[in-house]
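In our numbering, the protein residues as written are 1 to 746.
We put the CB at the ideal spot given by N, CA and C, even for glycine.
As structure tokens, the structure follows; a few thoughts come after it.
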DNA sequence: CTTAGACATATTTTT
DNA sequence: TATGTCTAAG
């Protein structure tokens, strides 16, 4: 057994797996087999040391990572055993613990979880209550400060005491009220999930003791991304047995702006003087050429503690390519042409390629160029499913069914579908409820049921509010009474969501949105096997914490377009990095601060180390941003990579392909772009033709270029390259992407 | 209370 | 450029 688990591990990996007790810090360079070490270690603990799987707790940052670990453990120790190990994100695990014990903190166990959209809505309400201007005090900015405060375990009172600036004093007032409203709404935001867990451990040693007994072996992934609260949770859990195993890489810390505290990993040895430190430096992912360039970048950084020296047996490989584009169009065109070339030469498939950029705004051009070339692609991110308006609206009803005190949800749908409760009435309702110190739902109940109470609502408003209350309580009655999918069906009918959507949006868009709602309804079918009472809660929780279909489908053979942040943890044979320019990477917003500039450097490092075989670094000398042409200098980071490590390519006679007249509109509206996104993602697997389908002289039609005549056709690498003369010019297309429609002669 | 046009606004986002 | 929010008129 030992042989199996250690067989394919290098020496430091083996040490990491077999050092069973005491604190261990594993510094894992990119591509060094970190997940392997984590999973093999868990398997080793169980199989070799006889540790009870129930005593193992493994914490990750993403659901994806948690799932990956679980799946690999299924293979290593079998599903039955793997099932007994606690694996999850900080937030998911804390939620579970809080559901059990939050009553000890004076809160209800059926709390809802507010996502950033909910937080923002709540903060807007706070600002209005406090008569503050949203322009002067942007809700997001205030929430950012509050989030940082929470992560540092600073409560509203402490924050108010230490407020230095006028702005902070304002924030202090907002923070106080925001927290009151969260409690009143029986809601926790993401930060609260962590903070309340820390409180639980601090204020109730017996509960902490319970978990000391339960979890004897702790593993934490991506330790460099932990914030203060997460650090304290880990420290509390580990303080008795000290069997703490953390994995991380300070060079890949790119979330400081979200509160991640790089000191947690840098000071691990200080926190645990007896810690074993293990460096994983052998890289299994990239070529030496890629590693050399990436390392040159990092070696130029003034901030390095655990400098790693990555090496690989993969060989030198292709030189890293540097391309200086004249502008952003040239840049994406180069990338797309290069992808087409690699495909045509059989050196890559679309699914091998990833295009990475600093800001989401850059994705639009990329998308257009890919559509234009007929290459299947898919954009990671964008509007997440559960963040779509229609979905959130329906979810708001469901959340109210589970917890009518959820004031954000209530406010969200108080006039959706429209029922004559306007802004004015809502404002008055909120103000009135506040003077009575009642949650909105209770205030509504008073209006509906208590004739004696005096309130400012006469005639129409009063009727509308009463009816709304009756609707909510009717729906609330159904909680736990029927299967979730039936409940949703009932709801959709009761408020006629379909008709509402069709009245709000026209044809195609309404179709789209209604389809989304149905998709939501189908997602609920998954819960059919749970007891009826728990289906809704389980559903809502999964939605709150599992955020999105965070599975990037690597099976569909499509080019991946992705931000650098989201690319962390992924790998692709061919990686194209765009916009490596001053102002974009490092981003202009990071320039005033040394630390944030270094974070940008690490971001580039993360991007570069995603590449397995080919890496392209691109920048443009001229870029249009916000409708203005900017001259962009190449990024300072490129100067840190010696010219000997990159090969600069030039293109002669480049000329942007003019957009085909009358077709650009396709990319203009977001709705249409959404459409394109979907179709391209859902494209059927590539056919691999044995013989040519097209022949010279044949008439064909292309979705973008229109009708044309086939000039030439030949088979290449399992595909067919067709040359077609269109109205404007000749184009070479790959049959599998171009989806040419064959027209009959006549 | 809803609707059209003006106007300012503009990273990254594991949960 | 393109988005969301504010303002004035229907």
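Could you give the DSSP three-state label for residue 311: helix, strand or coil?
Counted from its first residue, the first chain places residue 311 at position 311. Residue 311: strand per DSSP, three-state reduction.
Where residue 653 and residue 617 are concerned, what is the direct C-alpha to C-alpha distance, given to the nearest angstrom?
As a working note, residue 653 is residue 653 in the first chain. As a working note, residue 617 is residue 617 in the first chain. Low per-residue confidence applies at residue 653: pLDDT is 49, beneath 50, and the placement is therefore not dependable, though the value from the model is reported in the following sentence. Distance between the alpha carbons of residue 653 and residue 617: 21 Å.
Three-pair Cβ contact test at 8 Å for the segment 475-490 versus the segment 530-540
yes
Hey, residue 219 and residue 98: beta-carbon distance below 8 Å or not?
In the first chain, counting from the first residue as 1, residue 219 sits at position 219. In the first chain, counting from the first residue as 1, residue 98 sits at position 98. Not a contact, by the Cβ cut-off of 8 Å.
Tell me the residue span of the alpha helix (DSSP H) that contains residue 166.
Along the first chain, read from residue 1 onward, the residue named residue 166 stands at position 166. Its alpha helix (DSSP H) spans residues 166-184.
Provide the residue span of the alpha helix (DSSP H) that contains residue 230, from first to last.
Along the first chain, read from residue 1 onward, the residue named residue 230 stands at position 230. Run containing residue 230: 228-238, per the alpha helix (DSSP H) assignment.
For the alpha helix (DSSP H) that contains residue 263, what are its first and last residues?
Walking along the first chain from the start, residue 263 turns up at place 263. Element bounds for residue 263: 263-266.
Taking contact to mean 3 or more Cβ pairs, one atom from each stretch, closer than 8 Å, check whether the segment 57-73 and the segment 221-240 are in contact.
yes
Using the three-state DSSP reduction, which class does residue 189 fall into: helix, strand or coil?
Working through the first chain from its first residue, we reach residue 189 at position 189. Strand, per DSSP.
Is residue 66 closer than 8 Å to residue 89 when the C-beta atoms are compared?
Numbered from its first residue, the first chain carries residue 89 at position 89. Numbered from its first residue, the first chain carries residue 66 at position 66. A contact, by the Cβ cut-off of 8 Å.
With respect to the alpha helix (DSSP H) encompassing residue 333, which residues constitute its N-terminal and C-terminal limits?
Counting from one through the first chain, the residue named residue 333 turns up at place 333. Segment 328-344, the alpha helix (DSSP H) holding residue 333.
Are the beta-carbon atoms of residue 30 and residue 252 separated by less than 8 Å?
Within the first chain, the letter at position 30 stands for residue 30. Within the first chain, the letter at position 252 stands for residue 252. Yes, Cβ-Cβ distance for residue 30 and residue 252 is below 8 Å.
The segment 199-208 touching the segment 28-43, judged by at least three CB pairs closer than 8 Å
no
Which residues in the same chain as residue 145 place their Cβ atom closer than 6 Å to its Cβ, once the five residues preceding and following it in sequence are excluded?
Your numbering for residue 145 matches position 145 in the first chain. Only 171 meet the Cβ criterion.
How would you call residue 32, buried or exposed, if buried means at least 16 neighbouring beta carbons within 10 angstroms?
Translated into positions along the first chain, residue 32 becomes position 32. Classification for residue 32: buried.
CB of residue 524 within 8 Å of CB of residue 488, strictly:
Here residue 524 refers to the residue found at position 524 when the first chain is read from its first residue. Here residue 488 refers to the residue found at position 488 when the first chain is read from its first residue. Yes, Cβ-Cβ distance for residue 524 and residue 488 is below 8 Å.
On the three-state DSSP scale, how would you describe residue 708?
Counting from 1 along the first chain, the entry for residue 708 is found at position 708. Three-state DSSP puts residue 708 in a strand.
Can you tell me which of the three DSSP states residue 131 falls into?
For this step, residue 131 is matched to residue 131 along the first chain. Residue 131 falls in the coil class under three-state DSSP.
With DSSP run on the structure shown, which of helix, strand or coil describes residue 615?
Within the first chain, residue 615 is the residue found at index 615, counting from 1. It is a strand residue.
Quick check on this structure: which residue in 516, 328, 476 and 452 has the alpha carbon closest to the alpha carbon of residue 631?
Taking the first residue of the first chain as position 1, residue 631 is located at position 631. Nearest option by C-alpha distance: 328.
Consult DSSP for residue 19 and reduce its assignment to one of helix, strand or coil.
Your numbering for residue 19 matches position 19 in the first chain. Residue state, collapsed to three classes: coil.
Counterpart residues of residue 89 in DSSP-defined beta bridges
Along the first chain, read from residue 1 onward, the residue named residue 89 stands at position 89. 60, per the DSSP bridge assignment.
Roughly how many angstroms lie between the CA atoms of residue 215 and residue 25, to the nearest whole one?
The residue given as residue 215 occupies position 215 in the first chain. The residue given as residue 25 occupies position 25 in the first chain. Their backbone Cα atoms lie some 19 Å apart in a straight line.
Mapping the DSSP letters down to three states, classify residue 123 as helix, strand or coil.
As a working note, residue 123 is residue 123 in the first chain. Reduced to three states, the DSSP call for residue 123 is helix.
Can you list, in chain order, the residues of its chain whose CB lies under 6 Å from that of residue 366, leaving out five sequence neighbours each side?
What you label residue 366 is simply residue 366 of the first chain in a count that begins at 1. So the list reads 332, 355 and 561, once near-sequence residues are dropped.
Apart from the five residues just before and just after residue 484, which ones in its own chain have a Cβ nearer than 7 Å to its Cβ?
On the first chain, position 484 is the one that residue 484 refers to. Taken in chain order, the residues that qualify are 524, 527, 535, 536 and 539.
Any non-hydrogen atom of the ligand GTP closer than 7 Å to residue 190 Cβ:
The ligand GTP is not among the ligands present in this structure, which contains no ligands whatsoever.
Rounded to the nearest angstrom, what separates residue 496 and residue 376 at their Cα positions?
Indexing the first chain from 1 puts residue 496 at position 496. Indexing the first chain from 1 puts residue 376 at position 376. If I take the Cα positions, the gap works out to 37 Å.
Let me know the alpha helix (DSSP H) ranges lying completely inside the segment 573-638, each 4 residues or longer, listed in chain order.
594-608
Paired residues, beta bridge with residue 542 - DSSP
On the first chain, position 542 is the one that residue 542 refers to. Bridge partners of residue 542: none, in fact.
Nearest-angstrom beta carbon gap, residue 421 and residue 414 [assumed within contact, 8 Å]
Numbered from 1 along the first chain, position 414 holds the residue referred to as residue 414. Numbered from 1 along the first chain, position 421 holds the residue referred to as residue 421. Between residue 421 and residue 414 the Cβ distance is about 5 Å, and since that is below 8 Å, they are a contact.
Can you give me the Cβ contacts of residue 393 inside the same chain, cut-off strictly under 7 Å, excluding the 5 residues immediately before and after it?
Reading the first chain from its first residue, position 393 is the one you call residue 393. So the qualifying residues of the chain are 412, 413 and 416.
Can at least three beta-carbon pairs, one atom from the segment 318-325 and one from the segment 264-275, be found at a separation below 8 Å?
no
How should residue 741 be labelled, buried or exposed, when 16 other C-beta atoms within 10 angstroms of its C-beta is the threshold for buried?
Here residue 741 is taken as the residue at index 741 of the first chain, counted from 1. Exposed: under 16 other Cβ atoms inside 10 Å.
Own chain residues within Cβ distance below 7 Å of residue 103, not counting five before or after:
Start at 1 with the first residue of the first chain, and residue 103 comes out as number 103. Only 109 meet the Cβ criterion.
Taking residue 183 as the reference, which of 111, 468 and 316 has the closest Cα?
The residue labelled residue 183 in the question sits at position 183 within the first chain. Of the listed residues, the one whose Cα sits closest to residue 183 is 111.
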